[in-house]
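Report on one structure; see the data block that follows.
Numbering (this note's numbering), first residue to last: 85 to 223.
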């Protein structure tokens with residue numbers, strides 16, 4: 085049976101996408117029902133069929149299908165708050181890291197909402213929160 089996941093990012097060339105399964109498991113897909121992966125928004129639900137590569141211990145996806153809803157996954161949560169800038173290319177909403185790809189000059193200092201995943205922070209050598217989707221909070 086397939087496993088529920090959520091799209092977390094697209095590759096620069098648009099041919100691959102990252103899929104979050106849990107705070108310890110991710111995989112990469114290169115095909116979604118033969119359609120262009122860029123047509124699927126980050127934060128979209130997906131069902132994947134994976135197998136463990138015995139050589140590198142990575143989960144490899146051999147089939148993927150879009151889903152109409154995003155499953156409740158461990159380490160996947162909605163969030164909201166004021167977006168603050170670090171003066172660099174990234175920012176934070178409380179304890180959630182906002183990567184450069186989601187930062188927008190009109191959002192800094194404003195109330196925002198989004199979707200976040202548990203992600204391993206290599207700098208701090210611990211689990212933290214990373215936003216995968218961010219938008220202004222409508223009044």
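Ideal Cβ positions, reconstructed from N, Cα and C, are used throughout, including at glycine.
Do three or more CB pairs link the region 142 to 157 to the region 168 to 188 at distances below 8 Å?
No, the region 142 to 157 is not in contact with the region 168 to 188.
Measuring only the C-alpha atoms, how far is residue 171 from residue 164?
Rounded to whole angstroms, residue 171 to residue 164 spans 20 Å at the Cα level.
Here's the rule: buried if 16 or more other CB atoms are within 10 angstroms of the residue's CB, otherwise exposed. What is residue 203?
With 16 or more Cβ atoms within 10 Å of its Cβ, residue 203 is classed as buried.
Who are the Cβ neighbours of residue 107 in its own chain at under 7 Å, not counting the five residues just before and after it?
So the qualifying residues of the chain are 158, 159, 202, 211.
What do you get for residue 139, buried or exposed, if any count of 16 or more other CB atoms within 10 angstroms of its CB means buried?
Exposed, by the Cβ-count rule.
On the premise that residue 179 lies in contact with residue 148, defined as a C-beta separation below 8 Å, what is that separation, rounded to the nearest angstrom?
That pair is no contact at about 31 Å.
Just the C-alpha distance for residue 105 and residue 86, rounded to the nearest angstrom, thanks.
Going from the Cα of residue 105 to the Cα of residue 86 covers about 11 Å.
Going by DSSP, which residues form a beta bridge with residue 137?
For residue 137, which the question treats as bridged, DSSP gives no partner whatsoever.
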